[in-house]
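The opening residue of the sequence shown carries number 5 in my numbering; numbering runs sequentially from there.
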Amino acid sequence: MEVIDHATVTFAGGIQGDYRGAMKGKPYKRQVTLIEASDWATAQDLVGHNIAWQERRANLLAEGIDLPQRPGARLRVGTALLEVTRETDPCERMEALAEGLRAALTPDWRGGVCTMVVEEGEVAVGDTIRIEA
5 MEVIDHATVT FAGGIQGDYR GAMKGKPYKR QVTLIEASDW ATAQDLVGHN IAWQERRANL
65 LAEGIDLPQR PGARLRVGTA LLEVTRETDP CERMEALAEG LRAALTPDWR GGVCTMVVEE
125 GEVAVGDTIR IEA
């Protein structure tokens with residue numbers, strides 16, 4: 005995982021350079037993933053570790069917002085518009101980082117949200133995330 009300060013978001017590829025965002029089948033429901041900073045911190049407290057957020061393998065870290073936990077909700081991030089498709093399920097890689105981390109990320113969508121791109125655009129560190137619908 006690479007931490008960058010800005011990125012282009014496209015229909016065909018999600019976050020530019022992230023092979024997971026590429027459209028594979030229709031509809032592809034995991035183009036851009038977001039996790040709340042507070043949820044990651046809670047999970048870290050539960051397992052007694054301090055692991056960098058990017059190890060979660062989410063595309064974007066959201067601070068100061070409670071991400072909607074419902075498919076169809078729309079998020080404006082920078083100039084891109086994203087639609088929540090489902091919860092991001094924590095995978096077995098989380099257990100490799102810390103025992104119990106997968107379970108700590110499971111309740112209440114703590115592992116984050118998956119989205120698909122509705123409008124292409126640019127995102128950058130510090131952009132406001134707005135819930136539009």
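Think of the CB as a built atom: it goes at the ideal place given N, C-alpha and C, for glycine as much as any other residue. All figures in this text were calculated on a predicted structure; none of them were measured in a lab.
Quick one, which of G21, W57, V7, I135 has its alpha-carbon nearest L105's?
The residue labelled residue 105 in the question sits at position 101 within the sequence shown. Among G21, W57, V7, I135, the Cα nearest to that of L105 belongs to W57.
For L109, I'd like the list of residues in its chain whose CB is within less than 7 Å of its CB, leaving aside the five on either flank, ordered along the chain.
The residue labelled residue 109 in the question sits at position 105 within the sequence shown. Once the five neighbours on either side are set aside, the close Cβ partners of L109 are A47, P94, M98, G115.
Checking 7 Å against the spacing of the C-beta atoms, do P111 and V88 come in under that value?
Mapped onto the sequence shown, residue 111 falls at position 107. Mapped onto the sequence shown, residue 88 falls at position 84. The answer is no: Cβ separation not under 7 Å.
Supposed contact pair L86 and T119 - C-beta distance, whole angstroms, cut 8 Å:
Within the sequence shown, numbered from 1, the residue matching residue 119 stands at position 115. Within the sequence shown, numbered from 1, the residue matching residue 86 stands at position 82. Sure, about 4 Å apart at Cβ, within 8 Å.
Which stretch, first to last residue, makes up the beta strand (DSSP E) that contains T37?
Residue 37 sits at position 33 when you count from the first residue of the sequence shown. Where T37 is concerned, the enclosing beta strand (DSSP E) stretches over 36-40.
I think A41 touches A16, with their Cβ atoms under 8 Å apart; what is that distance to the nearest whole Å?
Within the sequence shown, residue 41 is the residue found at index 37, counting from 1. Within the sequence shown, residue 16 is the residue found at index 12, counting from 1. The pair is not a contact, with the Cβ atoms about 29 Å apart (cut-off 8 Å).
Closer than 7 Å to chain B by CB, A84
Looking at the structure shown, chain B is missing, and only one protein chain is on hand.
Who are the near neighbours of R90 in its chain, counting only those whose CB is closer than 7 Å to its CB and skipping five residues on each side?
Here residue 90 corresponds to residue number 86 of the sequence shown, with the count starting at 1. Result list for R90: K33, P75, C118, in chain order.
Whole-angstrom Cβ separation of I135 and A77, contact assumed at under 8 Å?
Within the sequence shown, the letter at position 131 stands for residue 135. Within the sequence shown, the letter at position 73 stands for residue 77. About 6 Å; that satisfies the 8 Å criterion.
Alpha carbon of N63 to alpha carbon of V36, nearest angstrom
Taking the sequence shown and counting its residues from 1, the one referred to as residue 63 is at position 59. Taking the sequence shown and counting its residues from 1, the one referred to as residue 36 is at position 32. Roughly 6 Å separates the two Cα atoms.
Cβ-based neighbour list, A11, same chain, cut-off 6 Å, excluding 5 preceding and 5 following
The residue labelled residue 11 in the question sits at position 7 within the sequence shown. Counting only Cβ-Cβ distances below 6 Å, and skipping sequence neighbours, we find I19, Q20, V127.
Tell me which same chain residues have a C-beta within less than 8 Å of the C-beta of M5, skipping the five on either side of it?
Translated into positions along the sequence shown, residue 5 becomes position 1. Hits under 8 Å: Q58, E59, R61.
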